[in-house]
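There are 2 protein chains.
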Amino acid sequence: MKKEVLKEPIFTEKIVEIIQTAQSSDEIREKLTDYHDNDIAQSFELLSQEERKLLYSALGIKWMAEIIPYVDDIDQYIEEIGMDQLANMINEMDADDAVDLWEELDESIKDKLRPRINHETKTDIRLINLYDDDEIGSLMTTNYICIKQNLTIRQAMHELVRQAGENDNIITIYAVDDQGCFCGAIDLKDLIIARETVELSTLISYAYPYLLDHQKISDSIEKIKNYAEDSLPVLDKDKKIIGIITAQDVIEAVDDELGEDYAKLAGLSAEEDLNETTKESVKKRLPWLIILLFLGMGVSTVVGTFEGVVAVLPIVICFQSLILDMAGNVGTQSLAVTIRVLMDENLNSKDKLLLIFKEMRVGFCNGALLGILALICLGGYIALFKGYSFGTAFLISGCVGISLLVAIIISSLVGTLVPMFFNKLKIDPAVASGPLITTINDLVAVITYYGLAWALLIQIMKIV
Amino acid sequence: MKKEVLKEPIFTEKIVEIIQTAQSSDEIREKLTDYHDNDIAQSFELLSQEERKLLYSALGIKWMAEIIPYVDDIDQYIEEIGMDQLANMINEMDADDAVDLWEELDESIKDKLRPRINHETKTDIRLINLYDDDEIGSLMTTNYICIKQNLTIRQAMHELVRQAGENDNIITIYAVDDQGCFCGAIDLKDLIIARETVELSTLISYAYPYLLDHQKISDSIEKIKNYAEDSLPVLDKDKKIIGIITAQDVIEAVDDELGEDYAKLAGLSAEEDLNETTKESVKKRLPWLIILLFLGMGVSTVVGTFEGVVAVLPIVICFQSLILDMAGNVGTQSLAVTIRVLMDENLNSKDKLLLIFKEMRVGFCNGALLGILALICLGGYIALFKGYSFGTAFLISGCVGISLLVAIIISSLVGTLVPMFFNKLKIDPAVASGPLITTINDLVAVITYYGLAWALLIQIMKIV
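Protein sequence lines correspond, in order, to chains A and B. When you line the first sequence up against full-length UniProt numbering, it's residues 1 to 464, in that order. When you line the second sequence up against full-length UniProt numbering, it's residues 1 to 464, in that order.
Structure, rendered in structure tokens:
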């Protein structure tokens, strides 16, 4: 008998089958307890509206409150769920889920829900909305366990069980003093395996790392990652604990930070997704393009001064795009490396100098190799297909080769210095560097190439 | 009295102070229990070698085994720790930490350590090394709690406490059947708050999501993120649980995936860091550059066919760089958006068609706006500074404007279709698309611009 090989699980189809074949609501409940809430949420789009309504009523408010946070595009189901039911679900949700959902809803839906939302949920939403999107406070959740530091082990365990009903981030328990100020953290594992005779204070790490609510996310994300904790406490200026950041929040933050940097490198002012309107997309892309257009016009006027060279030796225009493209590509590579290094590490002046020298060395090696390649290939091409003598052909391709080398070295340097400069000014280097680097590189490449062509080919060798 | 405002914590300096002023090893141990292992690790570089050696012996093997995983650049401390001690620490480490550290070490150090590493650690290292870097198995850790499904609540709790000494990922407990096959998961919280009379099976989610050891990381990272669990089990083809993926592993994987995409968008074959040699960096950057050089040479031959246009109307070369740069920028924007959309979502054909139309609409809007801007500004510039009549000036700038519009629309289309095409072929669109898009866009822009200039300005209007 051939042994069956395990495949990737597809739970959604089984869930659909359960709902379609079940004889009663109880049977649905009973059978679905084994499934992950995310899989139940993913099955929504495979069900008909009737089947979904059956599911909503079978699972009930409490369970639905745990499933809703996993649903993509909740908007399309709001009507069939109904405002009263949805409000009840939001009231039942963990604080962070309620806040996340609230941010997704349309203003008209919010207006209808507001009178039905309870005080506690409203307070949570208000708290998180106090913070700017780039502040740690905007990421946090109030879903955590917090106990007095002077309890016994037994009292602490009892308090944990009590609070665990409401809050499910239990892996780290936070301790506060009599004034309610944060004083340390307890690892759940230590509490579970501790003997009852031990003092709780021996389990508390009193110098536990914490975050401040108004701290910038981009400044602290590396630090948070380094602690590799399942959660870190967020304190306000009075040392009161007001929330925590969980590993799941960190995943989202890392995703966002890198996604933003990725978008900026490509000249978008923010990340886009599939469902945006044309207008929103144009708004995100146009600013950079307009800046580039005007900088490009500046470059054009410089190219214009070399009209004389082109008029007498038109072949040189063939290779302008080659040199400019290569300079641009090399500049982008240096820019990407520099931005990542600036983001990842705390560099001192020595490190920065090392990075600059490294980029120049890499630029020199790449430039020399590419320059020689261009010299040989283009020299052959010009001699064979453009009807120039071999001597003249290699003089022209020599100009291209040398220009490539110079342009690539300078592009490497510019691609490193410009982001460092913006970083020093506390301007996000990912967003500001692109246009400036493109322009400087274009100018350097054009001047080197046409300048060299003018000096070497026309003035010295007088090949025309 | 002015109230003190809470600042960001700087624990490392306090740790250094403790070590420098302590009277005995016991005092160091005693005082450092309050600090996070990461902060102790970060203090290493602020200490002298003597002070570090004092710290190593004060903390002992077991504690050091928890600190070492947080140390940056462990290499510099290996000698002062000593091979015997280091081997003991590795033997004490959590499995995943031991494997991570092992991968960082030089081959010569590994050779010295090998005879001193115990069997269990060797088995773990061998298991993880079985997998390719892009397979789920390479991310996993064997640090998890696993119990038989037929235990009572009391037995399960007892087993948990026993295993928690060795393994600290306790938030989800995995259940296996009598054959040792994975059958479900238990939430620690449910176990803690369960009454002793309840059957353990009622706490087990029997259809819990799992990953396969040979699954590709890039294919499953979105799915893993969606489950938002602190850990997911990894199974082999016989349904045996062989490890777990923790939220911390997911953070690393997300970071790596996005970092790689970011590098590829910039034309690097892999991510770089500060400490690489010039040779390694050249190797990562040169492949793309060489491809681009030859594609650029291809474009050059096409530009060459328009030598005639330039010879009679040299002013047109001024704006070549402008049009090519803009086409390139727009293409990169579309590319970046498309790659992120392809990565994030499972698109059907309808979604893809929508994305293509959206990109074309955005391209048309941006192209029209930028074209009109260019028409007006450049027309004025040519008339005022280049000595052409207003009519001729606006004919020339009209050529630039129309070329911009056409080039931008086509660039948007190319920037969307090319990555979709590579995605269809199962080739990573981020790495393959860049050079092809640059080249197609350059060709389109050059042919449109010079073609239009030749047809409109020279053939029809006969302005020369």
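Note that beta-carbon positions come from the ideal geometry of N, C-alpha and C, so glycine has one too.
Inset, instruction - At 7 Å on the CB atoms, spell out the chain A contacts of Asn38 (chain B), in chain order. - result: Asn226 and Tyr227
Legend entry - Cβ of Ser321 (chain B) within 8 Å of any chain A Cβ: yes
Inset, instruction - Taking only beta-carbon positions, decide if Glu271 (chain B) is within less than 8 Å of chain A. - result: yes
Inset, instruction - In the DSSP assignment, find the unbroken beta strand (DSSP E) run with Thr141 (chain B) in it and report its ends. - result: Taken as a continuous stretch (DSSP letters only), Thr141 (chain B) belongs to no beta strand (DSSP E), as it is neither H nor E.
Inset, instruction - Could you have a look at Thr448 (chain A) and say whether DSSP puts it in helix, strand or coil? - result: helix
Inset, instruction - Taking all protein chains shown into account, decide if Gly308 (chain A) is buried (16 or more other Cβ within 10 angstroms of its Cβ) or exposed. - result: Counting Cβ neighbours within 10 Å, Gly308 (chain A) comes out exposed, since fewer than 16 surround it.
Inset, instruction - Check whether the Cβ atoms of Gly434 (chain A) and Gly267 (chain A) sit closer than 8 Å, and answer yes or no. - result: yes
Inset, instruction - Could you check the C-alpha separation between Lys2 (chain A) and Lys239 (chain B) for me, to the nearest Å? - result: Residue placement at Lys2 (chain A) cannot be trusted, given a pLDDT of 48 that sits under 50; what the coordinates show is reported in the next sentence. Cα to Cα, the separation comes out at about 15 Å.
Legend entry - Within chain B, the residues that Tyr262 (chain A) reaches when beta carbons sit closer than 8 Å: Leu258, Asp261, Tyr262, Leu265, Ala336 and Arg340
Legend entry - is_contact[Leu8 (chain A), chain B] using C-beta, thresh 8 Å: With the sequence shown as reference, residue 8 (chain A) is identified as Glu, and Leu is not the correct amino acid for it. The C-beta of Glu8 (chain A) comes closer than 8 Å to at least one C-beta of chain B.
Inset, instruction - Please report how far the alpha carbon of Lys264 (chain B) lies from the alpha carbon of Ser218 (chain B), in whole angstroms. - result: 15 Å
Legend entry - Helix, strand or coil at Leu211 (chain B) [DSSP, three-state]: strand
Legend entry - Interface flag, Ala164 (chain A) vs chain B, CB-CB below 8 Å: Yes, its Cβ sits closer than 8 Å to a Cβ of chain B.
Inset, instruction - Establish whether the CB of Met1 (chain B) and some CB of chain A are separated by less than 8 Å. - result: With a pLDDT of only 43 at Met1 (chain B), under 50, the local geometry of the prediction cannot be trusted, and the value read off the model is given with reservation. Chain A, which has no Cβ nearer than 8 Å to the Cβ of Met1 (chain B), makes this no.
Inset, instruction - Can you grab the Cα-Cα spacing for the pair Asp39 (chain B) / Leu59 (chain A), in whole Å? - result: Annotation: Asp39 (chain B) to Leu59 (chain A) spans about 46 Å, alpha carbon to alpha carbon.
Legend entry - Neighbouring residues, chain B, relative to Ala327 (chain A) (Cβ below 8 Å): Near Ala327 (chain A) there are no residues of chain B at all, since even the closest Cβ is about 11 Å away, more than 8 Å.
Inset, instruction - Mind the definition here: the region 72-80 of chain B touches the region 47-61 of chain B only if three or more C-beta pairs lie below 8 Å; say whether that holds. - result: yes
Inset, instruction - Return no unless some Cβ of chain A is closer than 8 Å to the Cβ of Cys183 (chain B). - result: No, because no Cβ of chain A sits closer than 8 Å to the Cβ of Cys183 (chain B).
Inset, instruction - Return no unless some Cβ of chain B is closer than 8 Å to the Cβ of Gln155 (chain A). - result: no
Inset, instruction - Would you please state the rounded distance, in angstroms, between the beta carbons of Gly363 (chain B) and Ser412 (chain B)? I believe it to be under 8 Å. - result: Contact holds; Cβ gap of about 3 Å.
Inset, instruction - Tell me whether Pro9 (chain B) sits in a helix, a strand or coil according to DSSP, three-state version. - result: coil
Legend entry - For Ser334 (chain B), the three-state DSSP class (helix, strand or coil): helix
Inset, instruction - Return the first residue and the last residue of the alpha helix (DSSP H) that Ser231 (chain A) is part of. - result: Counting along the chain, Ser231 (chain A) falls outside any alpha helix (DSSP H), though it belongs to the beta strand (DSSP E) covering Ser231 to Leu235.
Inset, instruction - With Ala453 (chain B) as the anchor, note down where its beta strand (DSSP E) starts and where it stops. - result: Taken as a continuous stretch (DSSP letters only), Ala453 (chain B) belongs to no beta strand (DSSP E), as it is neither H nor E.
Legend entry - Members of the region 422-450 of chain B that neighbour chain A once the beta carbon cut-off is set at 8 Å: Thr438, Asp442 and Val446
Legend entry - Cβ neighbour criterion (16 or more within 10 Å) applied to Arg154 (chain A): exposed
Inset, instruction - Report buried or exposed for Arg285 (chain A), applying the criterion of at least 16 other Cβ atoms within 10 angstroms of its Cβ. - result: buried
Legend entry - Nearest to Asp134 (chain B) (by Cα), restricted to the options B:Phe182, B:Ile125, B:Arg340 and B:Glu252: The candidate whose alpha carbon is nearest that of Asp134 (chain B) is B:Glu252.
Legend entry - Minimum Cβ-Cβ distance from Gln333 (chain B) to chain A less than 8 Å: Yes, contact with chain A.
Legend entry - Bounding residues of the beta strand (DSSP E) (the contiguous stretch that carries Ala175 (chain A)): Taken as a continuous stretch (DSSP letters only), the beta strand (DSSP E) holding Ala175 (chain A) covers Thr172 to Val176.
Legend entry - Other residues of its chain near Ile291 (chain B): CB distance less than 7 Å, five sequence neighbours each side excluded: Pro435
Legend entry - Which residues DSSP lists as bridging Asp37 (chain B), in chain order: Paired residues: none, contrary to the question.
Legend entry - Cβ neighbour criterion (16 or more within 10 Å) applied to Gln215 (chain A): buried
Inset, instruction - With DSSP collapsed to three states, give me the class of Ala185 (chain A). - result: strand
Legend entry - Of the listed residues A:Asp84, A:Asn366 and A:Phe182, nearest to Gly243 (chain A) (C-alpha basis): A:Phe182
Inset, instruction - Using alpha carbons as the reference points, say which of B:Pro233, B:Asp255 and B:Lys237 lies closest to Ile245 (chain B). - result: Nearest option by C-alpha distance: B:Pro233.
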